[in-house]
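All residue numbers for the sequence shown refer to the working numbering, where the first residue is 36 and numbers rise by one. Every residue gets a Cβ at the ideal spot worked out from N, C-alpha and C, and that includes glycine. Just so it is clear, the structure is predicted and the values come from calculations on it, not from any experiment. Reading through the structure tokens given below for one structure.
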Amino acid sequence: MENREGIIEFVKEAYPITKGKYRIPLAVTEFFIEKEKLKEIEEKLNAIFLRIKEIVFEFLDNSLKGYPIDEFRKNLYLKIYENYNYKFKGIIRFDMINFKLIEINADAVEGVIQLDITSKWFSELFDFVGEPRYNREPFLSLFDKPAIIVYPDNYLFVDEYYLESKLLKGPYIKESEFYENKKYRIYPIYRRAIDIDKVKKLDYWLEKQNINDILFTIMGNKANLAFLDKEVDWALDIVAKTSFKPEFKKYVCKPYFGTHGEVYFEKRDNCVYQEFIEIPKREISYLDIDDKIKKGIFYYDFNPYAFFDKKLRFGNILLRFSKDHILNVAKGGGVGFYTIV
36 MENREGIIEF VKEAYPITKG KYRIPLAVTE FFIEKEKLKE IEEKLNAIFL
86 RIKEIVFEFL DNSLKGYPID EFRKNLYLKI YENYNYKFKG IIRFDMINFK
136 LIEINADAVE GVIQLDITSK WFSELFDFVG EPRYNREPFL SLFDKPAIIV
186 YPDNYLFVDE YYLESKLLKG PYIKESEFYE NKKYRIYPIY RRAIDIDKVK
236 KLDYWLEKQN INDILFTIMG NKANLAFLDK EVDWALDIVA KTSFKPEFKK
286 YVCKPYFGTH GEVYFEKRDN CVYQEFIEIP KREISYLDID DKIKKGIFYY
336 DFNPYAFFDK KLRFGNILLR FSKDHILNVA KGGGVGFYTI V
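Structure, rendered in structure tokens:
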């Protein structure tokens, strides 16, 4: 296996636009999760998700005091909630280290369809013994009206956006609009829902369905974990302790709506403190961007995708690996996936 080259030919359908120009390292080492352990984790994640959903709507209904959010974002969310027939649904990813939940990623969940393609091919090429999970069906189940897919020019995940658009043009949806390097009025619109802050005229935007729902991104406020309480006490053992002040001997400080590994190293008023979780590491074989299989010792994590529309449905389980403690693909890491045994 270590000398096998040209594997990109088998997974090239995952890169229809860039033809592999923007590829990232792909793990070919198989990672396992036992079916019973996964079931237990998913039951707890579901309970935590539903409680955080209640917290979000307590904020939107003005019955939750002290919810940490800046005034501009708060006013935008409340305007949408109060003036539009809004459906709360979307894609999230639970980011976990050593099976401890450290955050819910709800503003920029990428790789949803690309990972399906690479995991399918790798399972066949390397005779993986576990059962892979796929995102396709739960992803499609979210959409019941025209969708908007947009992305910045020359962006890393342009292939993913194209794959999503192509998929949504199938029998599950009447139409989709595919924006390529365009602007709405004078304000740029990106797929990342967090950038919707730049859009002042919301009517046209909201009559379509976004890949990442606007209100749904509140699920990604890292402060949500600090509001968890006895209602989900039985599930809190899988949550990294989170507070508004440094209560732990070893902790990580994160901005509420930070992305891409943003951490602080001094006291801030717009962040949460979270206990430090030791990141596991091991040897991983991977397909590098030069089409050669290599080995290395890497940190890695565990990230189940989930899709919410009335109920939570789980999909693929992403693995990120990196030589750095900050497991971030945009900062030089790679990705793989877990199979179920």
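Could you check the C-alpha separation between residue i and residue j for me, to the nearest Å?
i, j, result
"Phe262", "Gly371", "32 Å"
"Phe67", "Ser200", "31 Å"
"Lys124", "Leu177", "7 Å"
"Glu318", "Tyr334", "9 Å"
"Ile273", "Ser211", "38 Å"
"Phe356", "Gly368", "6 Å"
"Cys288", "Ile137", "12 Å"
"Arg58", "Pro51", "11 Å"
"Glu71", "Met254", "27 Å"
"Val147", "Glu195", "7 Å"
"Glu44", "Arg171", "22 Å"
"Ile221", "Leu237", "Because the pLDDT of Ile221 is 49, which lies under 50, any placement of that residue in the model is unreliable, and the question is left without a value."
"Leu260", "Trp269", "15 Å"
"Pro103", "Gln244", "27 Å"
"Tyr112", "Tyr121", "11 Å"
"Glu159", "Leu353", "18 Å"
"Asp326", "Trp156", "15 Å"
"Pro60", "Tyr340", "20 Å"
"Gln149", "Glu48", "9 Å"
"Asn81", "Asp96", "22 Å"
"Lys109", "Leu85", "21 Å"
"Leu271", "Lys74", "16 Å"
"Lys358", "Phe283", "26 Å"
"Asp248", "Trp240", "11 Å"
"Asn363", "Lys316", "15 Å"
"Lys330", "Ile324", "13 Å"
"Lys346", "Val267", "17 Å"
"Lys265", "Ile152", "40 Å"
"Phe163", "Val46", "16 Å"
"Ile3", "Ser154", "Look at the range of the chain in this structure, 36 to 376, and you will see that residue 3 is not part of it."
Which two residues bound the contiguous alpha helix (DSSP H) that contains residue i?
i, result
"Ser154", "149-160"
"Ile115", "106-118"
"Phe45", "43-46"
"Phe174", "171-175"
"Val193", "193-203"
Do residue i and residue j have their CB atoms nearer than 7 Å?
i, j, result
"Ile184", "Ile126", "no"
"Leu322", "Ile42", "yes"
"Thr252", "Asp142", "yes"
"Ile139", "Leu250", "no"
"Lys257", "Tyr291", "yes"
"Tyr197", "Leu175", "no"
"Leu99", "Glu106", "no"
"Phe161", "Val63", "yes"
"Arg168", "Asn351", "yes"
"Gly165", "Thr374", "yes"
"Glu242", "Ala275", "no"
"Ile132", "Asp344", "no"
"Glu69", "Val376", "yes"
"Phe349", "Glu77", "yes"
"Lys135", "Ile361", "no"
Over the uninterrupted beta strand (DSSP E) stretch that includes residue i, give me the two end residues.
i, result
"Lys135", "135-140"
"Leu322", "316-322"
"Asp130", "125-132"
"Glu310", "306-310"
"Glu212", "211-213"
"Ile183", "182-184"
"Tyr286", "286-290"
"Ile68", "66-68"
I think residue i touches residue j, with their Cβ atoms under 8 Å apart; what is that distance to the nearest whole Å?
i, j, result
"Ser320", "Ile328", "6 Å"
"Lys209", "Pro181", "7 Å"
"Phe342", "Pro173", "4 Å"
Using 6 Å as the cut-off, classify the Cβ of residue i as near or not near the heavy atoms of the ligand NAD, replying yes or no.
i, result
"Ile183", "Ligands in the displayed structure: none, and consequently the ligand NAD is not present."
Using a Cβ-Cβ cut-off of 7 Å, state whether residue i counts as contacting chain D.
i, result
"Phe174", "Included in the structure is just one protein chain, with no chain D present."
Which runs of the beta strand (DSSP E), 3 residues or longer, sit entirely within the segment 325-371? 328-335, 338-344, 346-357
Which whole runs of the alpha helix (DSSP H) in the segment 237-283 are 4 residues long or more, in chain order? 238-242
What alpha helix (DSSP H) runs, 4 residues minimum, are completely inside the segment 75-103? none
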